[in-house]
Amino acid sequence: MDSLSHLLALLAPRCEVNLHCRFGGRWQAGHQQMRSGVVPWHVVLRGEGRLNVGGQTHHLRAGDVVLLPHGSPHLMESLVEWGPGAAGGAPV
C-alpha cells in the first residue's frame, strides 16, 4: 500500500453531498467559515464561474474541483457582471 492510501485508510474520511446546485444567468452562493474538520468542496460539472476566497479570485470551468481545507469563507459566482455600471444593473 502506498503512503497516501495508508494515510487515507487511517483517517477514514467521509463525504456528504448536501446541495446539488444548478445555476444559470447571474448567481452568487456565499459560504461562511466552516467548523474545524469540515472541508468544503465544489465540482464544476458544466459551464464557468468564479471563486472568491481570501481576497483572491479564481476562474473555474467544467472539470475543476475545489477543496478548501481550512473551511475558509468563500463566494462562488457567475462570470456575468452586475452592479452599478454593468449592463444588467443590480442583482435580482
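In terms of the numbering used here, the sequence shown is residues 273 to 364. A virtual CB, placed ideally from N, CA and C, is assigned to each residue, including glycine. Keep in mind the model is a prediction, meaning the values are calculated, not measured.
Whether residue i touches residue j by CB criterion (8 angstroms)
i: leucine 339; j: valine 311; result: yes
i: tryptophan 313; j: valine 337; result: yes
i: histidine 346; j: asparagine 324; result: yes
i: valine 316; j: leucine 332; result: yes
Residue environment, residue i, which counts as buried when at least 16 other CB atoms sit within 10 Å
i: methionine 273; result: exposed
i: glycine 321; result: buried
N-terminal and C-terminal residue of the alpha helix (DSSP H) that residue i is part of
i: alanine 281; result: 275-283
For residue i: DSSP bridge partner residues
i: glycine 321; result: Leu332
i: methionine 306; result: BP columns for methionine 306 are empty, so no partner.
Unbroken beta strand (DSSP E) run spanning residue i, endpoints
i: leucine 340; result: First-last for leucine 340: undefined, no H or E at that position.
i: tryptophan 313; result: 313-315
From the options, residue whose alpha carbon lies closest to that of residue i
i: proline 341; options: Ser308, His292 and Gly297; result: Ser308
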